[in-house]
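For reference, the structure is listed below as structure tokens.
Protein chains in written order, with the numbering used here: chain A, 1 to 453; chain B, 1 to 163.
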């Protein structure tokens, strides 16, 4: 028996023991089923508020699979522990939540148990939703219970023993699930508090942007220091942000509202779905999120600010001649990238000057690899940014050469290591995600162009 | 460098960052692939590289070392059109025709991998291609027809060789 296996078994024994104890403490009874309430029984204003809240919560993103019906579940969510499939949250009585009373819905949001009292896996971010108020849960419930009921049985999760035993989740909750709703900070503005309530709660930004520990819980000591989602690196969105131009509240608002910003580029990957949803919610909520997050980012250090000003000035003038560190990478860049990324056309329809690109300055090369492989797909029926993917024309080695060149030329950071492996991993995983991930159905785009041909 | 196009090797004297499209049209006189946007956004320049559809206007020459390029000229001729070409003619899928060569190349690559694509498969695959004349429905029918032609052509070849 190897050392790691001994440790593994010890951890498993501890987990199981803890879980049994935790089960006793966190056990929840079933809540009686109800006859599905008629959609007309819900107040229209409440349903409409629920719609905005569901968009802020990004519910459709996980609870919809490509080609499937809205909220009918079935999306495979890969985790380091195995694959968990999202559930059907349409009001269908047998396979959805049609027989759930509001109390059961609220309990699921707060305590992560279903109507029968079964523990739900924390891929459902109840560690954030515990902050949601009764009033907002009521609106979300009203919204979901008035959606089209879809018969779609849950797909079985693919988890190894003992993680496939739901009592294990009880132990996890005991360790990581905090009780109590968001408490406003009276020293801060109402807008800041609204933003904090949304970010820490329903919007669950930390679920992707905060790194997780070995047991899959967010490391609160490193809140917003950058995390993982679907083989993308969710950037650090605190003082460690790698963005070449520091974020402020106005830039965040524009980015979250429109899906792009001239100094930062276009949202893509999983963030494209988030901004697609945020494009539909009231300005005031997006503004509140921006104000709170700008505070989380904090004011930039003077040297960072100075560099940003230099970069912006450079980006506006003619592109600087490159030091040709990598001939292959430089040639690929000239022919395949520069035509868009050095054009004088404005964003979002042209490519961002790569000196401003967070992907190139991030410590993790995965996002840059993903985007070169898959490009940016157009949004059906809308003017939207587009970038061709290069998976078919470039080998892993060639993309690695390109990325190394971009890193050396456009960032002031040290070289990435193991880029070719990153590219081959990205090639394998992105193919899978692109088949299952729902597509954003609006933006990023220039909203002033929306109604034009 | 040596560039292999439609089964023939060509000695090409061009910078490594020259787009494949320019070499095909200007140096080799293969004019089927069209210059549309030059940004990889319209699909008119599509050719096949090692079985995959590739946008030749954003593909620098150096990426093609040791790889096999196929253009529309390599599939068939006016006298002996390939199934994909016959199908596009029979369905009258071209209006101005500028996008069609690219459409045919990506459709060909699709049919080589998926001999019986559904409407949804074809729509998703041809999404990167713009057609301003609006013959989309005919293009869709043409790809189905090509799929059918390829299968029957294969079947007849098999029968012949069996005899």
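Don't be surprised by glycine CBs; every beta carbon is placed ideally from N, CA and C. On a predicted model such as this, the values are computed, not experimentally measured, just so you know.
So which residues of chain A does residue 17 of chain B contact, with C-beta pairs closer than 7 Å?
Those are 331, 334, 335, listed as they occur along chain A.
State the beta-bridge partners of residue 11 of chain B as determined by DSSP.
Answer is B/2, bridged to residue 11 of chain B.
What in chain B is Cβ-close to residue 398 of chain A, meaning under 9 Å?
Per Cβ cutoff of 9 Å: 62, 63.
Consult DSSP for residue 27 of chain A and reduce its assignment to one of helix, strand or coil.
In this structure, residue 27 of chain A counts as coil in the three-state DSSP scheme.
What does residue 47 of chain B pair with, by DSSP beta-bridge criteria?
Answer is B/54, bridged to residue 47 of chain B.
Please list, in chain order, the chain B residues whose beta carbon lies closer than 9 Å to that of residue 394 of chain A.
Near residue 394 of chain A (Cβ distances below 9 Å), the residues of chain B are 59, 63.
From what residue to what residue does the beta strand (DSSP E) around residue 233 of chain A run?
Element bounds for residue 233 of chain A: 232 to 234.
Which of the residues in the region 43 to 58 of chain B, read from start to end, lie with their CB under 7 Å from any CB of chain A?
Result list: 49, 52, 53, 54, 55, 58.
With DSSP run on the structure shown, which of helix, strand or coil describes residue 431 of chain A?
Residue 431 of chain A falls in the helix class under three-state DSSP.
Counting pairs of beta carbons, one from the region 251 to 267 of chain A and one from the region 162 to 181 of chain A, are three or more of them closer than 8 Å?
Too few Cβ pairs lie closer than 8 Å, so no.
Determine, using beta carbons only, whether residue 218 of chain A and residue 206 of chain A come nearer to each other than 8 Å.
For residue 218 of chain A and residue 206 of chain A, yes; Cβs fall inside 8 Å.
Compare the beta carbon distance of residue 103 of chain B and residue 72 of chain B with 8 Å and say whether it is the shorter of the two.
No, Cβ-Cβ distance for residue 103 of chain B and residue 72 of chain B is not below 8 Å.
Tell me, please, whether the CB atom of residue 128 of chain B is closer than 8 Å to any CB atom in chain A?
Chain A, which has a Cβ nearer than 8 Å to the Cβ of residue 128 of chain B, makes this yes.
Check residue 240 of chain A in the structure and name its three-state DSSP category.
Of the three classes helix, strand and coil, the one that applies to residue 240 of chain A here is coil, per DSSP.
How many Å lie between residue 398 of chain A and residue 328 of chain A at the Cα?
Cα to Cα, residue 398 of chain A sits roughly 7 Å from residue 328 of chain A.
Please report how far the alpha carbon of residue 239 of chain A lies from the alpha carbon of residue 134 of chain B, in whole angstroms.
Cα to Cα, residue 239 of chain A sits roughly 51 Å from residue 134 of chain B.
Anyone know if the C-beta pair for residue 101 of chain A and residue 169 of chain A falls short of 8 Å?
Contact: no.
Determine the DSSP secondary structure at residue 212 of chain A, reduced to helix, strand or coil.
Residue 212 of chain A falls in the strand class under three-state DSSP.
Taking the alpha-carbon of residue 355 of chain A as reference, which of A/174, A/422, A/408 has the nearest alpha-carbon?
Closest by alpha carbon: A/408.
Under the three-state reduction of DSSP, which class applies to residue 124 of chain A: helix, strand or coil?
Coil, per DSSP.
Any idea what DSSP makes of residue 105 of chain A, helix, strand or coil?
Correct three-state label for residue 105 of chain A: helix.
Identify every residue that forms a DSSP beta bridge with residue 19 of chain B.
Per DSSP, B/60.
For residue 243 of chain A, which option in A/231, A/229, A/225 has the closest C-alpha, if you only look at C-alpha atoms?
Of A/231, A/229, A/225, the residue nearest in Cα terms is A/225.
Go to residue 342 of chain A, then tell me how far its alpha helix (DSSP H) extends in each direction, as first and last residue.
Premise fails: residue 342 of chain A is in no alpha helix (DSSP H) and is neither H nor E.
Starting from the Cα of residue 276 of chain A, find the closest Cα among A/60, A/234, A/124, A/362 and give me that residue.
When only C-alpha atoms are compared, the closest one is A/60.
For the region 362 to 380 of chain A and the region 284 to 304 of chain A, state whether three or more C-beta atom pairs, one from each stretch, are separated by less than 8 Å.
Contact fails: fewer than three Cβ-Cβ distances are below 8 Å.
Would you give the residue range spanned by the alpha helix (DSSP H) that residue 50 of chain A belongs to?
Note, residue 50 of chain A: alpha helix (DSSP H), 44 to 57.
Using a Cβ cut-off of 8 Å, pull out every chain A residue sitting near residue 41 of chain B, in sequence order please.
By Cβ distance, chain A contributes 386, 388.
Under the three-state reduction of DSSP, which class applies to residue 76 of chain A: helix, strand or coil?
Residue 76 of chain A: strand per DSSP, three-state reduction.
To the nearest angstrom, how far is it from the Cα of residue 406 of chain A to the Cα of residue 360 of chain A?
The alpha-carbon atoms of residue 406 of chain A and residue 360 of chain A are separated by roughly 7 Å.
Touch check for the region 41 to 50 of chain B and the region 413 to 431 of chain A: three-plus C-beta pairs under 8 Å?
Segments in contact, no.
Give every residue of the same chain whose Cβ lies closer than 7 Å to the Cβ of residue 449 of chain A, excluding the five residues on either side of it in the sequence, and list them in chain order.
For residue 449 of chain A, the pLDDT reaches just 47, beneath the cut-off of 50, and the residue's location in the model is therefore unreliable, leaving the point undetermined.
So, under 8 Å CB-CB, residue 423 of chain A and residue 392 of chain A are touching, yes? Tell me the CB distance rounded to an integer number of Å.
That belief does not hold up - the Cβ atoms of residue 423 of chain A and residue 392 of chain A are roughly 14 Å apart, past 8 Å.
Just tell me which of A/385, A/160, A/414 has its CA closest to the CA of residue 362 of chain A.
The option with the nearest alpha carbon to residue 362 of chain A is A/414.
How is residue 218 of chain A classed by DSSP in three states: helix, strand or coil?
Strand, per DSSP.
Under 8 Å by Cβ, that's how I've got residue 75 of chain B and residue 20 of chain B pegged, so tell me the actual separation to the nearest angstrom.
Not quite, the Cβ-Cβ distance comes to about 17 Å (not below 8 Å), so this is no contact.
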